[in-house]
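J.:
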Amino acid sequence: MKKLLLASAALALTAGGAFADDVKLGISLGFTGPLESMSPAMADGAELAMKEVSDSGKFMGGATVTGVRGDSTCIDSAAASATVEKLITADGVKGIVGGMCSGETTASLQNVAMPKGMVMISPSATSPALSTLDDNGLFFRTSPSDARQSDVMTDIIMEHGIKSVALTYTNNDYGKGLADSFAAAFEAKGGKITINAAHDDGKPDYSAEVAALAAAGGDALVIAGYVDQGGSGILRGALDTGAFETFVFPDGMVGSALETNFGAEVNGSFGQMPSSEGEGKEKFLELAKAAGFDGSGVYSAEAYDAAALIMLAMAAANSTDPSVYKEKVMDVANAPGEKILPGELGKALELIAEGKDVDYQGASSVELIGAGESAGTFREIEVKDGKIETVRYR
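Residues -20 to -1, 1 to 374 in mature numbering (1 follows the signal peptide of the UniProt record, and there is no 0) are what the sequence shown lists, from first letter to last.
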């Protein structure tokens, strides 16, 4: 059935479906806010896929694709919703790569994208709550749920011989979802959470929060926060007071700012982030380097994949209408079909035009499960000589 549908789309295109125009895709990320250091490489990743498709000349009758950036702020749901509203109504985008953080993603999806029938593919919103959200088939994500991250983080901590941890999380949907999920996974394997406490972003001083964490104790401190915001404030306070020597960093803390602001101070600390290895990732890193940006940045590969999936789904549906091409996202993302890696989007468009199946694996080993989220591979990291080093992939 999938092959027949793709063949029909190809016939419609060759029979006169001319789309030789500019198609706009929105990029709704936190260009300001607690993850602002991560956003540029993510946007660059999405725009790299768009340029690749445009340069191929094989998309929708020769149409080009242009990215329109919008600031979701990562933490302000009202601002994120206003950004998505503008992207749809004023800029005329046909799909959105975003949001970035879970709370603002949920808000902009429910308040704007769903009522307007707009597809959103997030490269980085990881709250487990998004797995069961009734989204009218409009929301997908190329990052895995934090339920999966929690299992991986538990295993890494246990393998370090750590049996008790203090836990602090940023006081929003992402932080609470990850903290609750991790606490359940860690305790289920015999670990002890000495304290599970929220912290607010944007405070000038975190001495009270650090004092409470220190009083509870533990073999390590897990900081489920943001490297450009309160997470760093907690970390600085814990280091300056000697409250903890070992720290565990989930994805929101694994960024260039960790090396720049702390470096060797956190040697021996460790963590994890969604990432993959293999030919697809290597090809993406090469393409990113040629384009002038660092493709190893957190969620940059996932952003490339999010944009690629939108465009391939459009081609498979022979339509830029989100209500139509949303039905093709899972088809192009999964088997059966010829495997497609970064740099091969033109080839994928050719195959689709010929009525053949594609299995987009992309830069992050894409496999969408459930309602449309990544099954997930994680990169285990450790800080050595002030640098984030890869230990292995899980």
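Here a beta-carbon is modelled for each residue, glycine too, at the ideal position from N, C-alpha and C. If you're wondering where the values come from, they're calculated on a predicted model, not measured in any experiment.
1) Please go through the segment 144 to 186 and give each complete alpha helix (DSSP H) segment of 4 or more residues, from N-terminal end onward.
2) What are the residues that DSSP puts in a beta bridge with Lys367?
3) Pull up the distance between the alpha-carbon of Ile368 and that of Asp1, whole angstroms please.
4) Determine the closest residue to Asp51 out of Thr12, Leu28 and Ser17, with distance taken between C-alpha atoms.
5) To the nearest angstrom, report how far apart Met(-20) and Ala271 are at their CA atoms.
6) Three or more C-beta pairs closer than 8 Å, one from the segment 110 to 122 and one from the segment 300 to 312: is that the case here?
7) State the CB to CB distance for the pair Phe358 and Gln129, rounded to an integer number of angstroms; the pair is presumed to be in contact (CB under 8 Å).
8) According to DSSP, simplified to helix, strand and coil, what is Leu118?
9) Applying the 10 Å Cβ sphere with the 16-neighbour rule, what's the burial state of Cys81?
10) Starting from Met100, follow the beta strand (DSSP E) in both directions and report where the run begins and ends.
11) Helix, strand or coil: which one does DSSP assign to Met253?
12) In the segment 247 to 320, which residue ranges form an unbroken beta strand (DSSP E) of at least 3 residues, counting only runs that do not cross its ends?
13) To which residues of the same chain is Asp199 closer than 6 Å at the C-beta, ignoring the five residues directly before and after it?
14) For Ala237, I'd like the list of residues in its chain whose CB is within less than 8 Å of its CB, leaving aside the five on either flank, ordered along the chain.
15) By the DSSP assignment, the alpha helix (DSSP H) with Ile55 in it spans what residues?
16) Within 10 angstroms of the Cβ of Glu84, are there 16 or more other Cβ atoms? Answer buried if so, exposed if not.
17) So, Asp339 versus Pro302, is the Cβ gap smaller than 8 Å?
18) Ile320 and Ala333: beta carbons closer than 8 Å?
19) Does DSSP classify Thr226 as helix, strand or coil?
20) To test your reading of the DSSP string, which unbroken beta strand (DSSP E) runs of 3 or more residues are found completely within the segment 18 to 101?
21) Classify Glu266: buried if its beta carbon has 16 or more other beta carbons within 10 angstroms, exposed otherwise.
22) Using 10 angstroms around the beta-carbon of Gly350, count the other beta-carbons present and answer buried if the total reaches 16, otherwise exposed.
23) Count the other C-beta atoms from every protein chain shown that fall within 10 angstroms of the C-beta of Ala(-9), then say buried if there are 16 or more, exposed otherwise.
24) Just to check my reading of the structure: Val190 and Thr221 have Cβ atoms closer than 8 Å, yes? What is that Cβ distance to the nearest angstrom?
25) Taking Gly155 as the reference, which of Gly97, Asn91, Asp231 and Phe120 has the closest Cα?
26) Quick one: residues in its chain with C-beta nearer than 7 Å to the C-beta of Gly157, no 5 flanking neighbours on either side, listed in chain order?
27) Give the straight-line distance between the Cα atoms of Ala26 and Gly197, rounded to the nearest whole angstrom.
28) Taking buried to mean at least 16 other C-beta atoms within 10 Å of its own C-beta, is Gly170 buried or exposed?
29) State the Cα-Cα distance for the pair Gly75 and Gly248, rounded to the nearest angstrom.
30) From Ala192 to Glu353, what does the alpha carbon distance come to, in whole angstroms?
31) Could you tell me if Ser104 is buried or exposed, where buried requires 16 or more neighbouring beta carbons within 10 angstroms of its beta carbon?
32) Kindly indicate which residue of Tyr186, Ser61 and Ala204 has the alpha-carbon position closest to the one of Asn176.
T.: Reading from the atomic positions:
1) 153 to 168
2) Position 387 of the sequence shown holds residue 367. Lys367 is bridged to Lys364.
3) Counted from its first residue, the sequence shown places residue 368 at position 388. Counted from its first residue, the sequence shown places residue 1 at position 21. About 43 Å.
4) Position 71 of the sequence shown, counted from the start, is the residue given in the question as residue 51. Answer by Cα proximity: Thr12.
5) By 1-based counting over the sequence shown, the position of residue -20 is 1. By 1-based counting over the sequence shown, the position of residue 271 is 291. Below a pLDDT of 50, predicted positions are generally treated as unreliable, and Met(-20), at 39, falls in that range; the measurement from the model is reported next regardless. Cα-Cα distance, rounded: 38 Å.
6) yes
7) As a working mapping, residue 358 is identified with position 378 in the sequence shown. As a working mapping, residue 129 is identified with position 149 in the sequence shown. With a Cβ gap of about 7 Å, Phe358 and Gln129 count as contacting.
8) As a first step, residue 118 is located in the sequence shown; it is residue number 138 there, counting from the start. In the structure shown, Leu118 sits in coil (DSSP, three-state: anything other than H, G, I, E or B).
9) Walking along the sequence shown from the start, residue 81 turns up at place 101. Label assigned to Cys81: buried.
10) By 1-based counting over the sequence shown, the position of residue 100 is 120. Residue range Met100 to Ser102 is occupied by the beta strand (DSSP E) that includes Met100.
11) As a first step, residue 253 is located in the sequence shown; it is residue number 273 there, counting from the start. Here Met253 sits in strand by DSSP.
12) 250 to 254 and 318 to 320
13) For the purposes of this step, residue 199 is taken as the residue at position 219 of the sequence shown. Closer than 6 Å at Cβ, skipping near neighbours: Ile142 and Ser144.
14) Against the sequence shown, residue 237 aligns to sequence position 257. Ser17, Val207, Asp208 and Ser212.
15) As a working note, residue 55 is residue 75 in the sequence shown. It is not in any alpha helix (DSSP H) - Ile55 carries neither H nor E in the DSSP assignment.
16) The count along the sequence shown starts at 1 and reaches residue 84 at position 104. With 16 or more other Cβ atoms within 10 Å, it is buried.
17) By 1-based counting over the sequence shown, the position of residue 339 is 359. By 1-based counting over the sequence shown, the position of residue 302 is 322. Against a cut-off of 8 Å, the Cβ pair of Pro302 and Asp339 comes out as no contact.
18) One-based indexing of the sequence shown puts residue 320 at position 340. One-based indexing of the sequence shown puts residue 333 at position 353. Going by C-beta atoms, Ile320 is not nearer than 8 Å to Ala333.
19) The count along the sequence shown starts at 1 and reaches residue 226 at position 246. Three-state DSSP puts Thr226 in coil, outside helix and strand.
20) 44 to 51 and 76 to 78
21) Here residue 266 refers to the residue found at position 286 when the sequence shown is read from its first residue. By the C-beta density criterion, Glu266 is exposed, having fewer than 16 other C-beta atoms within 10 angstroms.
22) Taking the sequence shown and counting its residues from 1, one reaches residue 350 at position 370. With fewer than 16 Cβ atoms within 10 Å of its Cβ, Gly350 is classed as exposed.
23) The residue given as residue -9 occupies position 12 in the sequence shown. Its pLDDT being 38, under 50, Ala(-9) is placed unreliably in this model, and the value from its coordinates should be taken loosely. The residue in question, Ala(-9), is exposed, as its Cβ has fewer than 16 Cβ neighbours within 10 Å.
24) Within the sequence shown, numbered from 1, the residue matching residue 190 stands at position 210. Within the sequence shown, numbered from 1, the residue matching residue 221 stands at position 241. Val190 to Thr221, Cβ: 6 Å. Contact.
25) Along the sequence shown, one-based indexing puts residue 155 at 175. It is Asp231.
26) The residue given as residue 157 occupies position 177 in the sequence shown. Excluding sequence neighbours, Gly157 sits near Ser82, Ser107, Pro108, Ala109 and Asp126.
27) Residue numbering aside, residue 26 sits at position 46 when the sequence shown is read from its first letter. Residue numbering aside, residue 197 sits at position 217 when the sequence shown is read from its first letter. The alpha-carbon atoms of Ala26 and Gly197 are separated by roughly 42 Å.
28) Position 190 of the sequence shown, counted from the first residue, corresponds to residue 170. Gly170 comes out exposed.
29) Walking along the sequence shown from the start, residue 75 turns up at place 95. Walking along the sequence shown from the start, residue 248 turns up at place 268. The alpha-carbon atoms of Gly75 and Gly248 are separated by roughly 42 Å.
30) As a working mapping, residue 192 is identified with position 212 in the sequence shown. As a working mapping, residue 353 is identified with position 373 in the sequence shown. Distance between the alpha carbons of Ala192 and Glu353: 36 Å.
31) Counting from one through the sequence shown, the residue named residue 104 turns up at place 124. Ser104 comes out buried.
32) Within the sequence shown, the letter at position 196 stands for residue 176. Nearest C-alpha to Asn176 among Tyr186, Ser61 and Ala204: Ala204.
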